[in-house]
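Enquirer: Shown below is the structure under consideration.
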Amino acid sequence: TVALVKKHPAVKSQLGAAIGLTGGLAVMRSLGLAREIDPYLTPMRSFKGSSLVGGGGAAEPEGKLTTSFGEAMIPEKAQFELPPILLDRRSSESRNYLRNYEMFHDEGGAAASDSQRRRTVHGISRSALSDDQSGPSSEAFMAMITREHLHALLHRTLPLNVSLWLNCNVVHVEPFSYGGTSASVTLSDGTRLTGDLVVGADGIHSIVRRTVASDDADGRTLTTSQRRYTGISGVYGLVVKHTFELMMKCSLKKDEKAEALLESLPVGGLHEFEGKGAIATVFNLKRHYMFVFFEAREDPPTSDENWTNPAVQEEISSKIKAQGMPSLFEHLLRAAPDGGRVVHLGLYESEPMRTSWSRGRAVLLGDSAHATTPFLGQGANQAMLDAWSLAFHLPPANASDYICADDDDLHHHIQKALHRYETARSTHATNIKSVSRMFGHIRLGITSWDRCVRRCFMQTLLTCGRGCLFRQMLKWASQLNV
Ligand SMILES: Cc1cc2nc3c(=O)[nH]c(=O)nc-3n(C[C@H](O)[C@H](O)[C@H](O)COP(=O)(O)OP(=O)(O)OC[C@H]3O[C@@H](n4cnc5c(N)ncnc54)[C@H](O)[C@@H]3O)c2cc1C
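Heads up, the sequence shown is in full-length UniProt numbering, so the first residue is 1 and it goes up one at a time.
Here is the structure:
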């Protein structure tokens, strides 16, 4: 059995807005969840870019210098599929594991019952081996889903053998219990949970990482900071579409430019506006508009500078205006506190790991090992690919019945699996972090040199082969080699 321990009282995202799924969607589909997830997705097919910075580098009043410099359009029937998950079919050991998964777990095909589909989540279904990722979003470069829907769906489809421990704060991790053959966590109320493996999917403030990365032979918890501020902060929000459109219609002062901008943006389209050291993007999703405003900022916002503070809303609004961003963003900002969810946040990435991702029977996964900036939209996707890879390498829960001769053999298998998982994932995750950081700095255009590079880079990215280069970049990001 699996105990899923979460310090928050509900299965609910702490961040608002939506995320773009690429490799993560391939994982969900391969787990047999295509039918559940597809209705919530908005396949993204067009990425349009406009620059608000003139030749002299100064931001001009809205509308004066807005040059559209490119658009990546993915036609409805384009020959592009979400990246298939690549399993290394050459490795005989991988094949054996896969056979075992398939022997012991049903496939989650379209005709499978609910309980069958639930069981598929334990293992990797056969569809993972095929390139068949067909579905409504198979031609898109990514598919957006609100965090709320993603969490609800993951909650609903939890396998039956997973017990959820909500509102439970892990305060201590012991990676070497019972002579190193188990690990345990201690909760703030003193409860101790022991298992074969502790998977630290506990985010950028990970307590598991503090133990795993500890140089101390006893695994005593590290106290140094595990994350660094990237010099970029911003606002990230979601507005319910029908209330926003109603608000715009009923507004006494018509804003034709904002309405025209909305009309020009198809469902599944995003439009990014480049300023000086800032970008603003609007996404047209099925039921929501999502907007993002990122700016270069020396210090991260303090806890007082959250979105509920009216002074913060005022400040962001005037910054958006000063950048010459379309007035649509001000309307979205104003609408957000009523109908949607907004966060004002600093962007952080994790410090590089100087030790292995595992220690004894504790292992890191997702942001705890490699938190990245959101500019490639890969944080959650990489966490899901990590989970896939770890599940792929670990022997099945009942392995001792048919794979391992004894407990020592099982221990050896687990250690080898942790090593293989890290080898498969760590270089790619580190590369994603670097590319995402670089991509973010290029897109923000802080110095005039940055803005020159940005113009050439984004133009090439969006126009080359009608977005072919852009799709290749996402495909690279979503690859999984096990
Ligand atoms: C502005 C922004 C935009 C983003 N956009 C995208 C995007 O478009 N696409 C994308 O793929 N990613 C995106 N990301 C990144 C994505 O949100 C993260 O990478 C992802 O959530 C990481 O998942 P995780 O499971 O590793 O950690 P988290 O989502 O942080 O989850 C950690 C969990 O651990 C629990 N926990 C933590 N500490 C404890 C403890 N001591 N005891 C018990 N439980 C604990 C928490 O309750 C939480 O449930 C974005 C991030 C930001 C900030």
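Just so you know, even glycine gets a beta-carbon here, dropped at the ideal spot from N, CA and C.
Helix, strand or coil: which one does DSSP assign to K416?
Expert: Correct three-state label for K416: helix.
Enquirer: If you measure between the beta carbons of M290 and M142, is that distance less than 8 Å?
Expert: Not closer than 8 Å, so no.
Enquirer: Sort out for me which residues DSSP pairs I145 with in a bridge.
Expert: I145 pairs with I19.
Enquirer: Would you mind reading off the limits of the beta strand (DSSP E) that contains N284?
Expert: Note, N284: beta strand (DSSP E), A278 to N284.
Enquirer: For T373, which of R29, I279, M144 and L347 has the nearest alpha-carbon?
Expert: Out of R29, I279, M144 and L347, L347 has the C-alpha closest to the C-alpha of T373.
Enquirer: Please report the distance separating the alpha-carbon of V27 from that of A417.
Expert: Computed Cα separation, rounded: 19 Å.
Enquirer: Are the CB atoms of I37 and A380 nearer to each other than 8 Å?
Expert: Cβ distance not < 8 Å, so I37 and A380 don't count as in contact.
Enquirer: Just to confirm, is the Cβ distance from V185 to L193 under 8 Å?
Expert: Yes; because the gap between Cβ atoms is below 8 Å, this pair is in contact.
Enquirer: So for G200, helix, strand or coil by DSSP?
Expert: Strand, per DSSP.
Enquirer: Using the three-state DSSP reduction, which class does residue 540 fall into: helix, strand or coil?
Expert: This structure cannot speak to residue 540, because the chain is shown only from 1 to 482.
Enquirer: Ends of the alpha helix (DSSP H) at P175?
Expert: Counting along the chain, P175 falls outside any alpha helix (DSSP H), though it belongs to the beta strand (DSSP E) covering V170 to S177.
Enquirer: Please report the distance separating the alpha-carbon of H151 from that of L444.
Expert: Computed Cα separation, rounded: 30 Å.
Enquirer: If you reduce the DSSP assignment to three classes, tell me which class W476 lands in.
Expert: Three-state DSSP puts W476 in a helix.
Enquirer: Assign C168 to one of two classes, buried (16 or more other C-beta atoms within 10 Å of its C-beta) or exposed (fewer than that).
Expert: Classification for C168: buried.
Enquirer: Buried or exposed, going by whether 16 or more other CB atoms sit within 10 Å of the CB of H288?
Expert: When all chains shown are included, H288 counts as buried.
Enquirer: Is it the case that the Cβ atoms of L480 and L385 are separated by a distance below 8 Å?
Expert: Contact: yes.
Enquirer: For ligand 1, is there a heavy atom less than 7 Å away from the beta-carbon of residue 484?
Expert: Past the boundaries of the shown model lies residue 484; the chain is included only from 1 to 482, so the question cannot be answered.
Enquirer: Quick check: does the Cβ of N284 come within less than 7 Å of any heavy atom belonging to ligand 1?
Expert: Outside the cutoff, so no.
Enquirer: Note down, in chain order, each residue of its chain lying with its Cβ closer than 8 Å to the Cβ of residue 515, except the 5 sequence neighbours on either side.
Expert: The structure shown does not extend to residue 515, since the chain is modelled only from 1 to 482, so the question has no answer here.
Enquirer: Does the structure place the stretch 432-446 close enough to the stretch 267-279 that three or more beta carbon pairs sit under 8 Å?
Expert: Result yes; three or more Cβ-Cβ pairs closer than 8 Å.
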